[in-house]
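S.K.: To start, I am sharing the structure in question, which I have written as structure tokens.
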Amino acid sequence: MLARARMVTTHPVGEGPEGDEMTEQFDVAVVGAGPAGIAAALRAAELGASVVLIERADHVGGTCVNTGCVPTRALAKAARLMREIRAAGAYGIRVSDPELDWSATATLVRERVDLVRESKADLARLHAAGVDVRLDTTAEFADADTLRLVGASAAPTEVTAASVILCVGGHSRVLPIPGAEHALLPEHILAVTELPRSVAIIGGGNTGAQVSTILDSFGVEVTLLDVAPRILMPSDPDVSEAITREFTRLGITVRTGLAGVDSLEKQSDGTILLTWREADGDDPTSAAFDVVIMAAGWPANVEGLGLEEAGVEIERSAVAVDRYFRSSAPHIFAVGDLTGQDMLVQAAQFEAEAAAENAVLGANRATPHHLLPVGAFTDPDYASVGLTEEQARERDPQCVVALARYDRLERAIIDDRAVGFLKLIADSRRSLILGAHAVGENAVEVIQAVTTAMAAGADVSSLAAVKFAYPTYTAIVGVAARDLLKAAPTPESASPS
Numbered sequence: 000m001l002a003r004a005r006m007v008t009t010h011p012v013g014e015g016p017e018g019d020e021m022t023e024q025f026d027v028a029v030v031g032a033g034p035a036g037i038a039a040a041l042r043a044a045e046l047g048a049s050v051v052l053i054e055r056a057d058h059v060g061g062t063c064v065n066t067g068c069v070p071t072r073a074l075a076k077a078a079r080l081m082r083e084i085r086a087a088g089a090y091g092i093r094v095s096d097p098e099l100d101w102s103a104t105a106t107l108v109r110e111r112v113d114l115v116r117e118s119k120a121d122l123a124r125l126h127a128a129g130v131d132v133r134l135d136t137t138a139e140f141a142d143a144d145t146l147r148l149v150g151a152s153a154a155p156t157e158v159t160a161a162s163v164i165l166c167v168g169g170h171s172r173v174l175p176i177p178g179a180e181h182a183l184l185p186e187h188i189l190a191v192t193e194l195p196r197s198v199a200i201i202g203g204g205n206t207g208a209q210v211s212t213i214l215d216s217f218g219v220e221v222t223l224l225d226v227a228p229r230i231l232m233p234s235d236p237d238v239s240e241a242i243t244r245e246f247t248r249l250g251i252t253v254r255t256g257l258a259g260v261d262s263l264e265k266q267s268d269g270t271i272l273l274t275w276r277e278a279d280g281d282d283p284t285s286a287a288f289d290v291v292i293m294a295a296g297w298p299a300n301v302e303g304l305g306l307e308e309a310g311v312e313i314e315r316s317a318v319a320v321d322r323y324f325r326s327s328a329p330h331i332f333a334v335g336d337l338t339g340q341d342m343l344v345q346a347a348q349f350e351a352e353a354a355a356e357n358a359v360l361g362a363n364r365a366t367p368h369h370l371l372p373v374g375a376f377t378d379p380d381y382a383s384v385g386l387t388e389e390q391a392r393e394r395d396p397q398c399v400v401a402l403a404r405y406d407r408l409e410r411a412i413i414d415d416r417a418v419g420f421l422k423l424i425a426d427s428r429r430s431l432i433l434g435a436h437a438v439g440e441n442a443v444e445v446i447q448a449v450t451t452a453m454a455a456g457a458d459v460s461s462l463a464a465v466k467f468a469y470p471t472y473t474a475i476v477g478v479a480a481r482d483l484l485k486a487a488p489t490p491e492s493a494s495p496s
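Residue numbers for the sequence shown follow numbering that gives the first Met the number 0, beginning at 0 and rising by one.
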């Protein structure tokens, strides 16, 4: 077991007692108090290590709770309520067209974030575990073994630790183009004082898609732009195609395959002139919008840590780690978004616990990431787990694919939400489910059910035999599994159209 923490006083050369600097020693120093940092600190403390947790913000919880997943989901709830109110007339309910009070909505979202933070009680759990938490404090490597801490209300100190676990996450990417300062980042949406009439969103990934559908439901005219050939590029192409089709039906303008985004310019009337180049056009295209939002990526927070002083190598703007989460400096670990790999809360937490065990026990624990369900609360929802069809065919060219449409599902017909599908991919023997992809109402919950079956090692016949409650959305899992049993191996893709 590593040595317990102790504090020593060092006297810098040429300085007397007034220049004293405190050096604190811990078994483990964790930098970043998001989901990964909290998980790493708690696990290391549970294993008996002395732990210091350093966070630059004045609160714990990280991006997802404070500015990402939680507020976005709260906004998505408001958007869903707007949709349901508009649809109420079809059920004989007399309602007027709903009107959004943006100020009240933004206030409620902030309150929900506070409630989630309270419910998680992360700070209380950390204190109860004996973790030394330093909020509003930055950390930078002075050398491979020393972190220099600078707090808002305290003199700089130094910390040494036998192991360091970096959990500092990432940040919204700002495109290096003229006028970029006129754009908002997704986390700044709540700072807008009134709902805009028109918005351009640069970036068609998960964040851009969610923001698009939320603002569209609020009555904002939305244009979604991306240089990629399609939105949601990491998703199965059938998911991307279906979401694009539904966005277009809702009135969202989707432009993909752009040659580039050139500039933003603030106009005298307060609007922003956005200029981009179409892939097949020589002349640039310009349009004015009330607001432009950059959702163009999520690079790792590699700057400002002094990684070069610690001998930590950077590859493709992320910290390079081995399968045990060790960086090029073996006592320094990195997990979560910082590695540029699986940028998901559930992945970061598993990685962090594994890194803590490796740091404290000298173990070699690797965490497989092949079952990481991911999705978004758009309109309609979408979600995936496992391999896309293209990836599955690279592994098994004779893999079997079945696609069950929502219009075969009684619950979807009852709810007037019959747009969507569940696509299941199995190996040629139908012994393993390789991937699942869904678009439609409750798609995230549907994929969770398939993920559970995959984790349990259920084969297709076992999944097809499950008696799902009626009428439910998850019943689509049984429909797709039975289709999969009847499907013949073919190199052709199933189509949702």
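Every residue, glycine too, gets a C-beta built ideally from N, C-alpha and C.
Is Pro155 buried or exposed, if buried means 16 or more other CB atoms sit within 10 Å of its CB?
M.R.: Pro155 should be labelled exposed.
S.K.: By the 10 Å Cβ neighbour count, where 16 or more other Cβ atoms means buried, how is Glu193 classified, buried or exposed?
M.R.: Classification for Glu193: exposed.
S.K.: What's the C-alpha gap between Asp268 and Asp289?
M.R.: Taking the straight line joining both Cα atoms gives about 10 Å.
S.K.: Determine contact between the region 190-207 and the region 326-345, defined as no fewer than three beta-carbon pairs at a distance below 8 Å.
M.R.: No, the region 190-207 is not in contact with the region 326-345.
S.K.: Taking the alpha helix (DSSP H) that Pro34 belongs to, which residues open and close that run?
M.R.: Run containing Pro34: 34-45, per the alpha helix (DSSP H) assignment.
S.K.: Out of Gly439, Val399, Glu83, which one is the CA nearest neighbour of Tyr405?
M.R.: Taking only the C-alpha atoms, the option nearest Tyr405 is Gly439.
S.K.: List the DSSP bridge partners of Arg276.
M.R.: Its beta-bridge partners are Gly259.
S.K.: Mapping the DSSP letters down to three states, classify Pro236 as helix, strand or coil.
M.R.: Correct three-state label for Pro236: helix.
S.K.: If you check the beta carbons only, do Leu343 and Val318 fall under 8 Å apart?
M.R.: No; because the gap between Cβ atoms is not below 8 Å, this pair is not in contact.
S.K.: Expressed to the nearest angstrom, what Euclidean distance is found between the alpha-carbon atoms of Ile313 and Val478?
M.R.: Going from the Cα of Ile313 to the Cα of Val478 covers about 46 Å.
S.K.: With which residues is Met501 paired in a DSSP beta bridge?
M.R.: Not covered by the structure: residue 501. The range shown for the chain is 0 to 496.
S.K.: My assumption, with CB atoms under 8 Å, is that Ala128 sits in contact with Glu180. Please give the rounded CB distance.
M.R.: Not confirmed; about 42 Å, so no contact.
S.K.: Would you check if the distance between the CB atom of Ala87 and the CB atom of Asp415 is smaller than 8 Å?
M.R.: Not closer than 8 Å, so no.
S.K.: With the cut-off set at 8 Å, would you say Ala78 and Ile213 are in Cβ contact?
M.R.: Contact: yes.
S.K.: Quick one: residues in its chain with C-beta nearer than 6 Å to the C-beta of Gly256, no 5 flanking neighbours on either side, listed in chain order?
M.R.: Hits under 6 Å: Pro228, Ala278.
S.K.: Starting from Ala138, follow its DSSP beta bridges and name the residues at the other end.
M.R.: Leu148, per the DSSP bridge assignment.
S.K.: Ignoring anything shorter than 4 residues or poking outside the region 314-362, list the alpha helix (DSSP H) runs there in chain order.
M.R.: Counting whole runs of 4 or more residues, the region 314-362 contains the alpha helix (DSSP H) stretches 344-360.
S.K.: Span of the beta strand (DSSP E) holding Glu157?
M.R.: From DSSP, the beta strand (DSSP E) with Glu157 extends over 153-165.
S.K.: From Thr8 to Glu186, what does the alpha carbon distance come to, in whole angstroms?
M.R.: Unreliable placement is indicated for Thr8, whose pLDDT of 32 sits below 50; the coordinate value is still reported in the next sentence. In a straight line, the C-alpha of Thr8 is about 41 Å away from that of Glu186.
S.K.: Determine whether the beta carbon atoms of Arg299 and Gly339 lie at a separation below 8 Å.
M.R.: The sequence given here places Ala at residue 299; Arg does not occur at that position. It is a contact, given that the beta carbons lie within the stated cut-off.
S.K.: Just to confirm before moving on: does the CB-CB distance between Val384 and Ile292 stay below 8 Å?
M.R.: No.
S.K.: So which of Thr252, Ser326, Ile176 has the shortest CA-CA distance to Ser500?
M.R.: With the chain running from 0 to 496 in the structure shown, residue 500 is simply not present.
S.K.: Within 10 angstroms of its Cβ, does Lys265 collect 16 or more other Cβ (buried), or is it exposed?
M.R.: Exposed, because fewer than 16 other Cβ atoms sit within 10 Å of the Cβ of Lys265.
S.K.: Give me the DSSP bridge partner(s) of Gly434.
M.R.: Answer is Gly385, Ile424.
S.K.: Based on the DSSP secondary-structure assignment, which residues constitute the bridge partners of Ala199?
M.R.: Paired residue(s): Thr222, Val291.
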